[in-house]
Amino acid sequence: MDSETKKALLQGKLEHGLYKVGDGGLCKLSALASSPTSSTCLLHSCNSNKSSLWHCRLGHPSISIVNKVLSSCRLPYEVNSHVCSVCQMAKSHRLPFALSESRASAPLHLVHSDCAPQAGINGARYFALFVDDFYRFSWLYLLHSKDQLLSAFIQFKTMAEKQLESPIKILQTDGGGEFQAVDNLLTAHGIIHRVSCPYTSQQNGRVERKHRHVVETGLPLLAQSSMHMVFWPFAFQSVVYLINRLPTSTLANISPYEILYKQVPQYNLLRVFGCACFPCLRPFNANKLAYRSALSTFLGYDTKYKGYLCLNMQT
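Position one of the sequence shown corresponds to residue 3 (the numbering used here), numbered consecutively onward.
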């Protein structure tokens with residue numbers, strides 16, 4: 003009986019202390035179920051030999067397991083192809099993502115970007131990566147806060163479009179809130195903002211893999227030099243500098259630098275990160291008796307000046 007309407011839902015004949023419900027009553031019970039799939043297995047006839055019923059009886063294993071069990075026990079059963087909705091609801095999982103082999107047809111037609119947190123020296127707490135899909139060239143910007151992502155993108159856009167002589171057409175990012183700040187700018191310049199689905203970082207895989215590459219190469223640089231983790235901004239900037247100059251199988255074993263600038267990188271100018279160095283300090287001396295150099299630590303390559311970054315250990 004329905005507790006709200008007080009109407010009889012099923013009727014049955016009392017036999018030996020139990021109510022016997024006919025087939026018509028079972029059909030009514032099926033119609034009253036909250037979900038058509040919730041009672042599918044329960045309403046099968048006890049004499050049914052369909053493999054779908056055995057699939058329910060055995061706890062929803064794969065059809066190959068059901069066939070193996072029934073064959074080994076020599077139980078009669080009827081093979082029927084069906085999709086178990088219960089398994090779809092309870093065991094659903096995403097299919098593996100195929101590795102994308104596509105490549106943009108021209109520079110800056112597609113730019114991948116990602117922003118990651120990491121506390122470091124000089125107030126840097128985040129870094130933003132931009133990767134051109136055509137050249138596979140990477141740019142790294144240090145940020146004091148996520149609010150600086152907009153200004154970093156403006157700097158990158160101005161520099162990249164000027165150097166590569168091509169406008170940015172598509173920006174691929176994840177769904178991070180920091181990228182919402184650039185939406186108005188993208189709309190104003192006609193740039194398509196392509197966002198990966200929630201919890202699906204694989205759709206932004208190109209820059210995610212580049213992010214991992216930077217971190218997994220930057221940590222060894224810090225380890226070999228026994229430097230504190232707060233110096234990660236210098237290590238990561240050096241890593242991006244090196245990655246852009248290393249051959250990659252994606253570009254037929256040619257470096258992104260060579261593809262972009264049409265010349266081989268000057269490898270003879272590279273130095274070991276964290277090594278001891280003695281920069282010439284004579285032009286900066288206040289008097290003639292001051293030392294002309296000081297023991298320093300090599301921190302990488304300056305993008306503005308034609309020189310190296312060195313840390314004076316005495317200061």
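Every residue, glycine too, gets a C-beta built ideally from N, C-alpha and C.
Contacts around residue i, its chain only, beta-carbon distance under 7 Å, and the 5 residues preceding and following it disregarded
| i | result |
| --- | --- |
| Lys212 | Leu131, Val133 and Ser140 |
| Leu313 | Ser298, Thr299 and Leu301 |
| Gln144 | As written in the sequence, residue 144 is Leu, which differs from the Gln given in the question. Answer for Leu144: Ala126, Phe129 and Pro235, listed in chain order. |
| Pro249 | Asn255, Ile256 and Ser257 |
| Ile123 | Val232, Phe233 and Pro235 |
| Lys159 | Ile170 |
Distance CB(residue i)-CB(residue j) smaller than 9 Å
| i | j | result |
| --- | --- | --- |
| Leu301 | Phe275 | yes |
| Asn206 | Asp135 | no |
| Ala118 | His146 | no |
| Tyr128 | Leu151 | yes |
| Leu223 | Ser240 | yes |
| Gln165 | Ser198 | no |
| His62 | Cys86 | yes |
Bridge partner(s) assigned by DSSP for residue i
| i | result |
| --- | --- |
| Gly302 | Leu311 |
| Glu2 | Outside the shown range of the chain, which is 3 to 317, sits residue 2, and nothing can be said about it. |
| Glu80 | Lys52 |
| Asp134 | Val113 |
| Thr250 | Ile256 |
| Ala278 | Thr299 |
Contact set for residue i: own chain, Cβ-Cβ below 6 Å, skip 5 residues either direction
| i | result |
| --- | --- |
| Ile172 | Leu112, Ile194 and Arg196 |
| Arg284 | Arg294 |
| Val184 | Leu152 and Phe155 |
| Asn49 | With a pLDDT of only 45 at Asn49, under 50, the local geometry of the prediction cannot be trusted, and the value read off the model is given with reservation. Same-chain partners within the cutoff: there are none. |
| Val216 | Phe238 and Val241 |
| Thr189 | none |
Same chain only: Cβ atoms within 8 Å of residue i, ignoring 5 sequence neighbours per side
| i | result |
| --- | --- |
| Gln226 | Val274, Phe275 and Gly276 |
| Ala278 | Leu297, Ser298, Thr299 and Phe300 |
| Gln316 | Ala296 and Leu297 |
| Gln168 | Before going further, note that residue 168 is Ser rather than Gln in the sequence given. The residues are Ala108, Pro109, Leu110 and His111. |
| Glu163 | Leu110, Pro169 and Ile170 |
Buried versus exposed call for residue i [16 or more other C-beta atoms within 10 Å across all chains shown]
| i | result |
| --- | --- |
| Arg59 | exposed |
| Arg76 | exposed |
| Leu291 | exposed |
| Pro78 | exposed |
| Asp176 | buried |
| Ser94 | exposed |
| Val242 | buried |
| Asn246 | buried |
| Leu16 | exposed |
| His18 | exposed |
| Arg208 | buried |
Complete runs of the alpha helix (DSSP H) confined to the segment 117 to 205 [at least 4 residues]: 151 to 166 and 185 to 190
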